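UniProt numbering numbers the first residue of the sequence shown as 1 and each following residue consecutively.
Ideal placement from N, C-alpha and C gives every residue a C-beta, glycine not left out.
No experiment lies behind these values; they were computed from the predicted model shown.
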Amino acid sequence: MLPPGAVIDHPGLQGAALRVCPTCIGRHPNWGSELRRSLGLGDSDHDVPLAQSQ
Numbered sequence: 001m002l003p004p005g006a007v008i009d010h011p012g013l014q015g016a017a018l019r020v021c022p023t024c025i026g027r028h029p030n031w032g033s034e035l036r037r038s039l040g041l042g043d044s045d046h047d048v049p050l051a052q053s054q
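Encoded structure:
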């Protein structure tokens, strides 16, 4: 699961819920960048960061 309150600020994902299991987070320290890359949001000059909602 994403950290409490984490959101991805991208219009195509607005209102979407993304979950990452705690075991995967522990085993893959770069899970955030892998998640962004799998959604087509990472590894470019246009990266959309994971952010904490307010």
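Query raised in the report: Exposed or buried, residue 19, counting other C-beta atoms within 10 Å across all chains shown (16 or more means buried)?
Result: Against the sequence shown, residue 19 aligns to sequence position 19. Exposed is the call here.
Query raised in the report: Quick one: does residue 37 have its CB under 7 Å from some CB of chain D?
Result: Absent from the structure is chain D; it holds one protein chain and no more.
Query raised in the report: Per DSSP, what kind of secondary structure is residue 15 in: helix, strand or coil?
Result: Taking the sequence shown and counting its residues from 1, one reaches residue 15 at position 15. Of the three classes helix, strand and coil, the one that applies to residue 15 here is coil, per DSSP.
**Report entry** residue 22 - containing alpha helix (DSSP H), residue span
**Finding:** The residue labelled residue 22 in the question sits at position 22 within the sequence shown. Residue 22 -> alpha helix (DSSP H) spans 22-27.
Query raised in the report: According to the neighbour-count rule (16 or more other Cβ atoms, all chains shown, within 10 Å of its Cβ), is residue 27 buried or exposed?
Result: One-based indexing of the sequence shown puts residue 27 at position 27. Burial call: exposed.
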